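A.B. asks: Before we start, here is the structure in question, set down as structure tokens.
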Amino acid sequence: MTNRLASFLKSFNPLTQRNVFILLAILIAAAASLIIVNYLTIKTLSAVRAYTNGESQYSKGEKGAARHLIMYVNTRDETHWEQFKQELNVTFGDSIARVALSQEDGNLEVIKKGFLQGRNHPDDHDDMIWLFRNFGRVSFMANAIAIWKEADGIIHREYLLAEEIHAKIKAGHWTSADQDAVIGRINSITGLLTAKERAFSNVLGDASRRINGYLFVANFFFTLIIIGSAIGYGASMIGKIMRSQRELESKNTDLTITNHELDNFVYSASHDLRAPITSLKGLIELANLEDNVTQIREYLALMQQSLDKQDQFINDIIDFSKNKRVSLQLQEISLVELIKSALNQHRFMRGAEQIKMHTVFRSDKVYSDPLRLSILLNNLISNAIKYSDEKKEQSFLKVETFATDTHHVIVVEDNGIGIRSEDQKHIFEMFFVTQNTNKGSGLGLYIVKEAVDKLGGTIAVESEKNAGSKFIVQIPKNHVVSLEGVMRANHAR
Amino acid sequence: MQITRDNRSKHNYFFFIAPMKPKCKFLIVDDNEVDQMVTRTLLKKKLAVEDVSQARTGSEALEWLKVSGDSIGDCLIILLDIQMPEMDGFEFLEAYEAVDERVKHKTTIIMLSSTLDPSDIRRATDHKYVKSLFSKPVPTGLLDELMMSDGA
């Protein structure tokens, strides 16, 4: 049993909701028990004290009666006889009470009257009755009651003797021989009674002391439990607070990061939005200075280029925003359809006609989000076209799909200008542009990465400067999008 | 809207072909090809400037200064963009500190940008090596004014 208890205690985690309830329940139970135990014990001790008091009155009454009886025997004065009877009434009262209490359904009034006659304070009666009724058969109380019964018996015999004496004296048959005999008997009776009274007191005294001991132990024990569970409860609360605190701090950090990102974004965006406009203004100024129509046409072409770039940038920002804010709509999608459509959209992009595009589809149906897939496909394809190498004899762009056990894989490969190895780790960063291009906004691959993260997938790049680039995107098959992936996407940098 | 720190001179600025007293070399530091071409053409058409070199980043500009520093002649004007990859305009200015004093002595740096950011603008105009900040496209009139008033 101790093993099980030990292992239970070891595995007890004070932080779970259920366990907190248990602690609270223990605490309340212990407190309630403590209160009940204290109440009962105090009631018991109070009753014991009342009985001790009662015994004291009983003794005094009995001793007083014995004294008066002896006086009567010596003086034959009726007043002593009356007083003898009066004093003995105290013990009779207690006797009546005892007998009534010993019965199953003793009359309460009779009992109380008896106790009153025994000189017990009325406020104590209820406690005395309670103790007798509830503990009458239990150890010390049963003992005390037995002694009490014996004492009552002796008193009864004393009374009978006294009546005898009274009758004899009244009749005038009293001799000095009788006198000596009687006094002897009275003394011996008194001796017996004293022994009983002492025994009664002792029993109650012992019981009192023992109950005190138990009370102390019980209080100690329950208080320990209360303190223990209070501490446990407090600790679990503190644990919760500390955990919330940590969560709050991490959320704050996230928020600060997001704010930084936003500041960065706004700064870069405002520059990237304005730059094409200043270029345009310059070109217009040049066109105004120019008479040569061919030259003017050239300038117009450059203006077109600037505007295309700006248009693309605005598109990127919109994609970025949609990716961040629109929730995933998972559905069955045909990769073949999506890729063909993306390639089609880029057919008339500048430089596209020189590029040979081909596809290898070894996997088609996926269960994923169409928005993110088209964002990433469009970006990768337009990049391949943008960064194609005119110096090469035949530029190509290949899009391939296949599946592994766990993922669907999309590969976009070109033989364009490639990416320098030192740039490769930065290309997915926001607003990162490589040196030799004016063509990028710096957002395209960042958006691709965000989209891939949102889908719970991964993206990798293999590239060699001047040779070409290959982007490998893997989307998990089981769209229990990993929570990590989504969280990563949400907390990205 | 042209932004300039220097507003002392009140000349009307229509010198379309204004031969400048000392022949200054020009260096355009800008990664945007279109802007490079626009600036170069405007300098040629409006200010008859022929000697224009180009650098696409701050580091290329520093290289150029190292190589061609001695052959500058009377004066050099650098038209410096802010936003460039690898080493931007401000980073260039930090590295410019280490350039040969004789070269710095003959050089005027003018920042040319499309920025609207007031902290960028303040940072540029407060910089000890920057003569002025102009907004693209290069305001040839203001440029000319600036150079005239300097006398170089």
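For the record, the sequence lines run as chains X and G.
Residue numbers for the first sequence follow the working numbering, so the first one is 2 and each next one is one higher.
Residue numbers for the second sequence follow the working numbering, so the first one is 101 and each next one is one higher.
Just so it is clear, CB atoms sit at the ideal spot from N, CA and C, and this is done for glycine as well.
These numbers were taken from a predicted model, which means no experiment stands behind them.
1) So, is Met247 of chain G buried or exposed, given that buried needs 16 or more other C-beta atoms within 10 angstroms?
2) Pull the bridge partners of Gly235 of chain X from the DSSP assignment, please.
3) Taking Cβ-Cβ distances shorter than 8 angstroms, what residues in chain G pair up with Ala353 of chain X?
4) Since Gly115 of chain X and Gly137 of chain X should fall inside the 8 angstroms C-beta cutoff, what is the C-beta to C-beta distance between them, to a whole number of angstroms?
5) Have a look at G:Lys206, G:Lys228, G:Arg223 and G:Val238 and flag the residue whose alpha-carbon is nearest the alpha-carbon of Lys284 of chain G.
6) Three-state secondary structure (DSSP) at Ala200 of chain X?
7) For Asp179 of chain X and Val218 of chain X, I'd like the C-alpha separation in whole angstroms.
8) Name, please, each residue of chain G whose Cβ falls closer than 9 angstroms to the Cβ of Ser271 of chain X.
9) Please check the pair Leu25 of chain X and Tyr234 of chain X, which I expect to be a contact at CB under 8 angstroms, by giving their CB distance rounded to whole angstroms.
10) I need the boundaries of the alpha helix (DSSP H) containing His409 of chain X, first residue and last residue.
11) Whole angstroms are fine: how far does the CA of Lys113 of chain X sit from the CA of His126 of chain X?
12) For the region 199 to 244 of chain G, list the beta strand (DSSP E) runs that are entirely contained and at least 3 residues long, ordered along the chain.
13) Leu162 of chain G versus chain X: which residues are under 8 angstroms apart at the beta carbon?
14) Looking only at its chain, what residues have a beta carbon closer than 6 angstroms to the beta carbon of Val21 of chain X, apart from the 5 residues adjacent to it on each side?
15) Go through the region 323 to 401 of chain X residue by residue and report every complete run of the beta strand (DSSP E) that reaches 3 residues or more, in order.
16) Once the 5 residues before and after Arg19 of chain X are set aside, which same chain residues still bring their CB inside 8 angstroms of it?
17) With a threshold of 8 angstroms between beta-carbons, can Asp135 of chain G be considered close to chain X, or not?
18) Measure the beta-carbon distance from Ile418 of chain X to Val462 of chain X and round it to whole angstroms, keeping in mind my assumption that it falls under 8 angstroms.
19) With DSSP as the reference, label Gln136 of chain G as helix, strand or coil.
20) Residues in the same chain with beta-carbon distance under 8 angstroms from Arg326 of chain X, minus the five sequence neighbours each way, listed in chain order, please.
21) To be precise: take each residue of the region 263 to 289 of chain X, compare its Cβ to all Cβ atoms of chain G, and keep it if any distance is under 8 angstroms. Which residues remain?
22) Do you know offhand how far Phe111 of chain X's Cα is from Ile97 of chain X's?
23) Tell me whether Gln330 of chain X is buried or exposed, calling it buried when 16 or more other Cβ atoms sit within 10 Å of its Cβ.
24) Can you check the region 138 to 202 of chain G for any alpha helix (DSSP H) of at least 4 residues that lies completely inside it and give the ranges in chain order?
25) Report the neighbours of Thr207 of chain G on chain X: residues whose CB is nearer than 7 angstroms to its CB, in chain order.
26) Compare the C-alpha of Ile278 of chain X against each of X:Glu299, X:Gln246 and X:Asp312 and name the closest.
27) Anything in chain G within Cβ reach of Ser307 of chain X, meaning under 7 angstroms, just list it in chain order.
28) Answer yes or no: does any C-beta atom of chain G fall closer than 8 angstroms to that of Thr435 of chain X?
29) Nearest-angstrom Cα distance between Ile146 of chain X and Gly154 of chain X?
30) Since Phe85 of chain X and Ala163 of chain X are thought to touch, with beta carbons under 8 angstroms apart, how far apart are those beta carbons, to the nearest angstrom?
31) Quick one: give me the first and last residue of the alpha helix (DSSP H) that Gln84 of chain X is part of.
32) In chain X, which residues lie with their C-beta within 8 angstroms of the C-beta of Thr141 of chain G?
33) Looking at Leu35 of chain X and Ile227 of chain X, is the spacing between their C-beta atoms short of 8 angstroms?
34) Any C-beta of chain X sitting closer than 8 angstroms to the C-beta of Val154 of chain G?
35) Using alpha carbons as the reference points, say which of X:Glu79, X:Leu216 and X:Asp390 lies closest to Asn39 of chain X.
36) By the DSSP assignment, the alpha helix (DSSP H) with Ser60 of chain X in it spans what residues?
C.D. replies: Reading from the atomic positions:
1) Counted from its first residue, the second sequence places residue 247 of chain G at position 147. Buried is the label assigned to Met247 of chain G, since at least 16 other Cβ atoms lie within 10 Å of its Cβ.
2) For the purposes of this step, residue 235 of chain X is identified with residue 234 of the first sequence, where counting begins at 1. None, per the DSSP bridge assignment.
3) To locate residue 353 of chain X, count along the first sequence from 1; it is residue 352. Those do not exist, as Ala353 of chain X stays about 21 angstroms from chain G at its closest Cβ, beyond 8 angstroms.
4) To locate residue 115 of chain X, count along the first sequence from 1; it is residue 114. To locate residue 137 of chain X, count along the first sequence from 1; it is residue 136. That pair is no contact at about 16 angstroms.
5) Past the boundaries of the shown model lies residue 284 of chain G; chain G is included only from 101 to 252, so the question cannot be answered.
6) Against the first sequence, residue 200 of chain X aligns to sequence position 199. Ala200 of chain X: helix per DSSP, three-state reduction.
7) Taking the first residue of the first sequence as position 1, residue 179 of chain X is located at position 178. Taking the first residue of the first sequence as position 1, residue 218 of chain X is located at position 217. For Asp179 of chain X and Val218 of chain X, the distance between alpha carbons rounds to 59 angstroms.
8) The sequence position of residue 271 of chain X within the first sequence is 270, counting from 1. Chain G residues near Ser271 of chain X: Thr215, Leu216 and Asp217.
9) Here the question's residue 25 of chain X lines up with position 24 in the first sequence. Here the question's residue 234 of chain X lines up with position 233 in the first sequence. Leu25 of chain X to Tyr234 of chain X, Cβ: 6 angstroms. Contact.
10) In the first sequence, residue 409 of chain X corresponds to position 408, counting from 1. Careful: His409 of chain X lies outside any alpha helix (DSSP H), inside the beta strand (DSSP E) at His408 to Asp415.
11) Taking the first residue of the first sequence as 1, we reach residue 126 of chain X at position 125. Taking the first residue of the first sequence as 1, we reach residue 113 of chain X at position 112. Answer to the nearest angstrom: the Cα atoms are 6 angstroms apart.
12) Segments of the beta strand (DSSP E) lying fully in the region 199 to 244 of chain G: 207 to 213 and 230 to 235.
13) As a position in the second sequence, residue 162 of chain G is number 62, starting the count at 1. Chain X residues near Leu162 of chain G: none, gap ~15 angstroms exceeds 8 angstroms.
14) Start at 1 with the first residue of the first sequence, and residue 21 of chain X comes out as number 20. Only Ser237 meet the Cβ criterion.
15) 332 to 335, 356 to 362 and 366 to 369
16) Looking up residue 19 of chain X in the first sequence gives position 18. Taken in chain order, the list of residues that qualify is empty.
17) Along the second sequence, one-based indexing puts residue 135 of chain G at 35. Closer than 8 angstroms to some Cβ of chain X, the Cβ of Asp135 of chain G qualifies, so yes.
18) Stepping through the first sequence from its first residue, residue 418 of chain X is reached at position 417. Stepping through the first sequence from its first residue, residue 462 of chain X is reached at position 461. Rounded, the Cβ-Cβ distance is 14 angstroms, inconsistent with contact.
19) Position 36 of the second sequence holds residue 136 of chain G. DSSP places Gln136 of chain G in helix when its eight states are reduced to three.
20) Here residue 326 of chain X refers to the residue found at position 325 of the first sequence. Taken in chain order, the list of residues that qualify is empty.
21) Tyr268, Ser271, His272, Arg275, Ala276, Ile278, Thr279, Ser280, Lys282, Gly283, Leu284, Glu286 and Leu287
22) Working through the first sequence from its first residue, we reach residue 111 of chain X at position 110. Working through the first sequence from its first residue, we reach residue 97 of chain X at position 96. As written in the sequence, residue 111 of chain X is Val, which differs from the Phe given in the question. Each residue's alpha carbon lies about 8 angstroms from the other.
23) Along the first sequence, one-based indexing puts residue 330 of chain X at 329. It is exposed - the Cβ of Gln330 of chain X has fewer than 16 other Cβ atoms within 10 Å.
24) 158 to 168 and 189 to 196
25) In the second sequence, counting from the first residue as 1, residue 207 of chain G sits at position 107. Correct list: empty, because the minimum Cβ distance to chain X is about 24 angstroms.
26) Locating residue 278 of chain X in the first sequence gives position 277, where the first residue counts as 1. Of the listed residues, the one whose Cα sits closest to Ile278 of chain X is X:Asp312.
27) Counting from 1 along the first sequence, the entry for residue 307 of chain X is found at position 306. What Ser307 of chain X touches in chain G: Val134.
28) Within the first sequence, numbered from 1, the residue matching residue 435 of chain X stands at position 434. Interface residue, yes.
29) Numbered from its first residue, the first sequence carries residue 146 of chain X at position 145. Numbered from its first residue, the first sequence carries residue 154 of chain X at position 153. Spanning the two alpha carbons is a distance of roughly 12 angstroms.
30) Residue mapping note: residue 85 of chain X aligns to position 84 of the first sequence, counting from 1. Residue mapping note: residue 163 of chain X aligns to position 162 of the first sequence, counting from 1. About 7 angstroms; that satisfies the 8 angstroms criterion.
31) Locating residue 84 of chain X in the first sequence gives position 83, counting from the first residue. Its alpha helix (DSSP H) spans residues Glu79 to Ser103.
32) As a position in the second sequence, residue 141 of chain G is number 41, starting the count at 1. Chain X residues near Thr141 of chain G: Leu287.
33) Walking along the first sequence from the start, residue 227 of chain X turns up at place 226. Walking along the first sequence from the start, residue 35 of chain X turns up at place 34. Contact: yes.
34) Taking the second sequence and counting its residues from 1, the one referred to as residue 154 of chain G is at position 54. The question names Val, but residue 154 of chain G is Gln in the sequence shown. Not an interface residue.
35) Residue 39 of chain X sits at position 38 when you count from the first residue of the first sequence. Cα-wise, what sits closest to Asn39 of chain X is X:Leu216.
36) Counting from one through the first sequence, the residue named residue 60 of chain X turns up at place 59. Start and end: Gln18 to Thr76.
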